[in-house]
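In this note's numbering, the protein residues as written are 1 to 211.
Here it is, written out as structure tokens:
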């Protein structure tokens, strides 16, 4: 097996034509609590992926799930991460609109991804697939959906800073076209304004300290 990625909670391996997501034991946690947490998070992520698939959202197929081992075996999506594909061209804008449509469908199903970035999207056979639902959860709250979109916007600003405005406009076009709620986008703008206010406040405080 080849290790593809390692995070704070899980390790991703490539095994032939499948991907194995393993949540290893954490020695700093009590064994009983650790087993409970690993089981719960593994079951939760598998269910979210399954629910997303039923809603028609492109996600990897699940081949198997072993809660006791903290293991999910999934389809290997052969393609590039969207972060390495998006630019300012027409095709990129079409892909961004497709992302917006899928996010709207996720939100209509009450699924919050929790880590919406172009690193967690793969262009596979011409479609944008969503991966890594480890931070995902179920919610119908406008605030939670708005935070999801806000995180995606911030990711675009950081990774695709030359074209982020055009890309995010295309994402919102797709979001609305697929039935995304206007109040979610309005709340996302409020969240962004709160962040800018806190940043400005900290900057002014630092300036006063220098004086």
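Glycine is no exception: its CB is placed at the ideal position from the N, C-alpha and C atoms.
- Taking residue 73 as reference, the option from 132, 95, 159, 36 with the minimal CA-CA separation is 132.
- At the C-beta level, residue 180 and residue 56 stay beyond 9 angstroms of one another.
- Secondary structure within the segment 57-119: the beta strand (DSSP E) runs of 3 or more consecutive residues, fully enclosed, are 62-66, 71-75 (chain order).
- Burial is judged here by how many other beta carbons sit within 10 angstroms of a residue's own beta carbon; residue 123 has at least 16 and is buried.
- For residue 146, the closest of 175, 134, 159 by C-alpha to C-alpha distance is 175.
- The C-beta separation of residue 106 from residue 96 comes to about 16 angstroms, leaving the pair out of contact by the 8 angstroms criterion.
- In the structure shown, the three-state DSSP call for residue 13 is strand.
- The shortest C-alpha to C-alpha distance from residue 84 to any of 59, 63, 58, 119 is the one to 119.
- A residue is called buried once 16 or more other Cβ atoms fall within 10 Å of its Cβ, and residue 45 is buried on that count.
- Rounded to the nearest angstrom, the gap between the Cα atoms of residue 98 and residue 17 is 26 angstroms.
- A Cβ-Cβ separation of about 18 angstroms leaves residue 188 out of contact with residue 135 under the 8 angstroms criterion.
- Residue 167: member of the alpha helix (DSSP H) spanning 164-177, first to last residue.
- Residue 135: not part of any alpha helix (DSSP H); DSSP gives it neither H nor E.
- Per DSSP, the beta bridge partners of residue 6 are 11.
- Here the C-alpha atom of residue 13 lies approximately 28 angstroms from the C-alpha atom of residue 154.
- In the same chain as residue 9, and ignoring 5 residues on each side of it, the C-beta atoms closer than 8 angstroms to its own belong to 23, 41, 134, in chain order.
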